[in-house]
Amino acid sequence: MWLNQRNVMHYGKVEEFVTVVTEAVPKLMSYKQRAQLILGLRARMILELFRKDPPNPQDIQRLLENMNILGQQDAVVEESQANFVALVQTLLKNPYERKHFFQEEFHAQYGSKYDTALQALVGGLVLRLERLLSVPDLSQVMNWYTTSL
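Under this note's numbering, the first residue of the sequence shown carries the number 147, and numbering increases by one thereafter.
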């Protein structure tokens, strides 16, 4: 719901849901899918904080500090994290770069395609979770009952 509405300030709740579910049932998502989704949600939350003028460096730094808590190590994930952290540090230090980024690059890198990718990852997780927790209908229960007699 929040992803469809692009309500970025609630992405933390989505991230919390993803974290709890994937820790309880790790096979619902691969490590890379989980990393993409969690880091993608965090990145959008951090970038949204830059929309305040001036941005609050303490809030941004607090979220940045949580970027490295995924557990496993993967070179691609680590490189992606490092590149994003470098971008954020540049945006914090240089108002000209920040203005340029949000006017010229933000929509290309973090626009509708980015949001669609996040929605697809969450949708896949929810679908696999529904399959795992599927409730049988009455005909399935009756079928199981009659075959057990």
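Glycine included, every Cβ here is placed at the ideal spot set by N, Cα and C.
Between Leu193 and Tyr256, the C-beta gap is smaller than 9 Å, which places the two residues in contact. For the 9 Å CB-CB criterion, Asp205 and Ala181 do not form a contact. The Cβ neighbour count for Glu161, taken over all protein chains shown within 10 Å, is at least 16; the residue is labelled buried.
Bounds of the alpha helix (DSSP H) holding Lys245 are Pro241 to His246.
Taking the Cβ atoms as the reference, Arg190 lies roughly 5 Å from Val154, within the contact range of under 8 Å.
The way I'd put it, the region 162–177 does touch the region 266–283; three or more beta-carbon pairs between them come closer than 8 Å.
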